[in-house]
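Reviewing the structure listed below.
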Amino acid sequence: MHRMTRAVTERSIDHIATLAAQPSCGDVGAETLSRSLREAAPEEPSPLEPLLDRLFDEWIPRSFTAPGPGYLAYIPGGGLFPAALADFIADTTNRYTGVWQASPVLVQLEANALDWLRDWMDFPRSARGLFTTGGSMANFNAILCARERHLGTDIRRGVMYTSTQAHHSIAKSARLAGVFADRVRSVEVDESFRMRVEALAEAIRRDRAEGLIPFLVVSSAGTTNTGAVDPLEMIADLCAAEGLWHHVDGAYGAAFYMAPALRPLLAGLPRADSLTLDPHKGMFLPYGTGALLVRDGEALRAAHHVPHAGYLPTLPDADEFYDPSLHGPDLSRGFPGLRVWLCVKLLGAARFRAAIAEKRELALDAAARISRIPGIVMDAEPQLSLFAFHLSWPGATRDDENAATRALMDGVTARGRVMLTGCTVDDRYLGRVCVLSFRTRRDRIDACVEEVAAEAATLLERV
Ligand SMILES: Cc1ncc(COP(=O)(O)O)c(C=O)c1O
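Each residue of the sequence shown is one higher than the one before, counting from 29 in my numbering.
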């Protein structure tokens, strides 16, 4: 075990140490390699070293360098090292954290981590939470709570509302929760890509008039396309007046609420009935940790309530002690709380607040400088740490602009220092920059601005 662990940690730490020098997007044109790897389960054992060689030297590099400093694509990943240590401990000790009685003290650590998230988001003490595998599953559980609370068994008449810019996990989660596509309204957005509240109110009115039951609004605290924050306060008011559940998808953006100076950007967030936040985004953890907070913790418990299984122990005091299996769909599970707990204990909350505020500063700086590059037109200023733009020139058609902006993203990425991806909103292709990795510092923002300027100049020379 010592030998194997040494071999793995040496490789892993070397890998982390060279992240900054790795191309920001690995060579992912790997169909042939992927095909060549298909094999039947081996009958005979293999030594570890050659497997590690192939993993670290051949296979891991054939991927997006998502934990690297130059990854400004999609929503950047994290990868705090102590989380890996927490997983190692969790996996080697392999204690059962599905039910409270099996590991009461360990489960308490997870409950503490959820309480920290609750406090940072200004949620009340009545709130309960759940660690999930990611934001998608947090959104799913939120929709389930709202459905259970507001519709009971009358699911088919229930209608939910979100914006045209909502993450696609909302539509998927709705379906999983038994709310079919014809009961999910995509409300239009304003010129800053934020949900139009008057259009939302109108949609609710129309559905009520048709005998349907509006029950849920899902707003975004930072959309994936352009980083737009919906008018959370106004939506909270409307939901209160209409008696609807308000879920805020803060998978990308909620972590910014940790920094007191940034709270006005997310005003109204703590009024949500439920909130998705993703420690594997804004808290910089490795992939595999999402979280959900539900203001009235009883609603989360009710959504997962079934008659007690006769072979399981009973919880002594369900109000005082947290039991993961009473708050979510999983029974046997890993120990996601330990990753969060250990990272916060080792680094301290202040460090997280400072880091998230720094990412916003870097994004503001990048946006200001990129907006001054000839040919760049800003479409979305950074509300948090994400902004969007396109390339234009006199006489360009929409198709020309879309093709050039796509070429800009690809060209910058091909240069290797930063990886950028765009998105399509209506008929426009938008270039994007999202700053969220804890490893992204000023030097990489400088590189990003240089590469966008150089690539834009090359593209404009050709038109
Ligand atoms: C706004 C938003 N919601 C939900 C999700 C889904 O989260 P996950 O990928 O953790 O399932 C994402 C992912 O990027 C997101 O940006």
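Each residue gets a CB set at the ideal place from its N, CA and C atoms; glycine is no exception.
Quick caveat: nothing in here was measured; it's all calculated off a predicted structure.
For Tyr285, the secondary structure class from DSSP, reduced to helix, strand or coil, is helix.
Annotated as proximal: Phe349 and Trp128, with beta-carbon spacing under 7 Å.
Annotation for Ala264: His274, Gly296 and Arg299 place their beta carbon closer than 6 Å to its own, counting only its chain and skipping 5 residues before and after. Collapsing the DSSP output to three states places Phe84 in a helix. The C-alpha of Val276 is placed about 17 Å away from the C-alpha of Glu176. In the three-state reduction of the DSSP assignment, Ile117 falls in the helix class, which pools H, G and I. In this structure, Glu77 and Ala35 form a Cβ contact; the two beta carbons are roughly 6 Å apart against a cut-off of 8 Å.
Minimum Cα-Cα distance from Thr192 among the listed residues Asp210, Arg222 and Gly206 corresponds to Arg222.
In this structure the region 158 to 172 touches the region 310 to 320; the number of beta carbon pairs closer than 8 Å is three or more. For Thr192, the shortest C-beta to heavy atom distance toward ligand 1 is 6 Å or greater. Within the chosen limit of 6 Å, ligand 1 reaches the beta carbon of Ala279 through at least one heavy atom.
In terms of Cβ geometry, Val245 and Tyr189 form a close pair [threshold 7 Å].
If you compare the alpha carbons of Pro402, Asn430 and Arg367 with that of Thr486, the shortest gap goes to Pro402. Residue state for Ala442 is assigned as helix, using DSSP reduced to three classes. Put simply, of Glu389, Phe417, Ala174 and Arg203 the residue whose alpha carbon is nearest the alpha carbon of Ala432 is Phe417. Ligand 1 never approaches Ser220 closely enough for any of its heavy atoms to be under 6 Å from the residue's Cβ. Relative to the non-hydrogen atoms of ligand 1, the Cβ of Ser302 never comes closer than 6 Å to any of them.
Contact annotation, Arg90 with Ala58: C-beta distance approximately 5 Å; criterion of less than 8 Å satisfied. The three-state secondary structure of Ala416, taken from DSSP, is strand. Looking at the backbone, the Cα of Ile232 and that of Val215 are separated by about 10 Å.
The straight-line gap separating the alpha-carbon atoms of Glu386 and Tyr285 is approximately 13 Å.
Counting the other CB atoms within 10 Å of its CB gives Tyr457 a total of 16 or more, which places it among the buried residues. Here the region 167 to 183 does not lie against the region 366 to 382, with fewer than 3 beta-carbon pairs under 8 Å apart.
Pro95 is positioned such that its CB atom lies no closer than 7 Å to that of Leu370. Under the DSSP assignment, Gly54 falls outside any beta strand (DSSP E); it carries neither an H nor an E label.
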